[in-house]
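Shown next, in structure tokens, is the structure this report addresses.
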Amino acid sequence: MAGTALTEPQVCTNIATLAAEALRKEVWLTPKPGLVDSANNGSHSDMDLPMFLRSIGAITPWLHQFYRLGQQDAAQPATAMLTRIRPAGLACEQAMFSATNGINTHKGGIFSLGILCTAAGRISARQQRLTRTALCAEAAALTQGLVERELQHCRQPVTAGERLFQAHGMTGARGEVQSGFLTLRRHVLPYWWTENQPERRSLNALLRLMAFNPDTNLVSRGGLSGLHFVQDYARRLLKNGWQKEDLQAMDQALISRHLSPGGSADLLAISTVLMAFPQ
């Protein structure tokens, strides 16, 4: 019957499919300054659009699995869930690496979208309404204390994220998810509908992310000065108004500096998923 609520299997397909489609929309979106898109490979010499599409294909079945694990373990404490879904996360990463010959295309996206799909499974299993507010709150609950455990108490940094936390106090994807996607809730989602055309809406959201997200990918490549260059550039475009030609010029500016706002690209996909649900 039209207008009836989705059944649980349909919800599972919906959230996982939404996440996969959000990743595809993100990579096809053009022009994206410094990022792989349909026009060029941005600041990346080892990645291209077909590689990203292969990666998304490899990740997609695991997005459904994250949802199912959230459903199955909905009665478990939120703080126990990271341990329970970690094997699926590692297997998802391995599927990505197999599809890309060892290139990290979506590791940050796997983490954030995996948490979001797990959160959706838990909320649905409790027969609660799937909303942006509920999804962000559940994601924060699932990752409570993660920054403290994995970054603050890390004595010998190995990963780029650990090194950037020790050097600059940046928490990256861990901090964003633990905050319940605070950057998105503060700087992106409230402005989503200010643009009427879907492509321009996504590009404007990406600009807002580049303006306000403390993107660790940018700091890894260009230090704090690289981050500030991109943030200042994006804020000027938002203030003065922008057209595609402005983004193409920004693309060349970032490519010449080898800067890639990959963390903001991941958050754009998260934004697209969240905005598919009511407030």
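Position one of the sequence shown corresponds to residue 0 (numbering that gives the first Met the number 0), numbered consecutively onward.
Note that CB positions come from ideal geometry on N, CA and C, so glycine has one too.
In the three-state scheme derived from DSSP, where H, G and I count as helix and E and B as strand, S54 is classed as helix. Excluding its 5 nearest sequence neighbours in each direction, L68 has C-beta neighbours in its own chain below 7 Å: R83, I84, A87, T117 and G120, listed in chain order.
Assigned with DSSP and collapsed to three states, Q93 falls in helix.
A check of alpha carbon separations from L145 across R235, H186, L134 and I114 identifies I114 as the nearest. In its chain, beyond the 5 residues on either side, Q230, A233, R234 and L237 have a beta carbon closer than 7 Å to the beta carbon of A210.
The shortest CA-to-CA distance from H43 to any of I14, T104, G222 and M274 is the one to T104. By a beta-carbon distance limit of 8 Å, L163 contacts T215. Their separation comes to about 5 Å. Here the segment 55–73 does not lie against the segment 129–136, with fewer than 3 beta-carbon pairs under 8 Å apart. Under the three-state reduction of DSSP, N195 is assigned to coil, being neither helix nor strand. Taking one beta carbon from each stretch, the segment 194–204 and the segment 260–271 have 3 or more pairs nearer than 8 Å; the two touch.
Distance from the CA of S263 to the CA of F228, rounded to the nearest whole angstrom, comes to 15 Å. For D265, the secondary structure class from DSSP, reduced to helix, strand or coil, is helix.
With 16 or more other Cβ atoms inside 10 Å of its own Cβ, N212 counts as buried.
By alpha-carbon distance to W191, the top candidate from L246, M274 and I254 is M274. For L150, the closest C-alpha among the options E161, M46 and L183 is that of E161.
Going by C-alpha positions, R207 is about 28 Å away from M95. From the listed residues H186, L28 and L17, the smallest Cα separation to Q196 is found for L28. Here the C-alpha atom of Q71 lies approximately 15 Å from the C-alpha atom of L141. Residue nearest to I55 within the set S97, Q251 and A77 is S97 (criterion: CA-CA distance). Here the alpha carbon of R184 sits roughly 11 Å from the alpha carbon of A136.
With a cutoff of 8 Å on beta-carbon distance, D45 and V35 are scored as not near each other. When the alpha-carbon of A18 is set against those of T78, F110 and A90, the nearest one is in F110. Excluding the 5 residues flanking it on each side, G41 has same chain C-beta neighbours closer than 8 Å at K31, P32, G33, L34, V35, D250, L253, I254 and S259, in chain order. Looking at F51, R173 and N239, the one whose alpha-carbon comes closest to that of A21 is F51. Per DSSP, the continuous alpha helix (DSSP H) segment holding S255 begins and ends at K243 to S255. The alpha-carbon separation between G101 and V26 amounts to approximately 19 Å.
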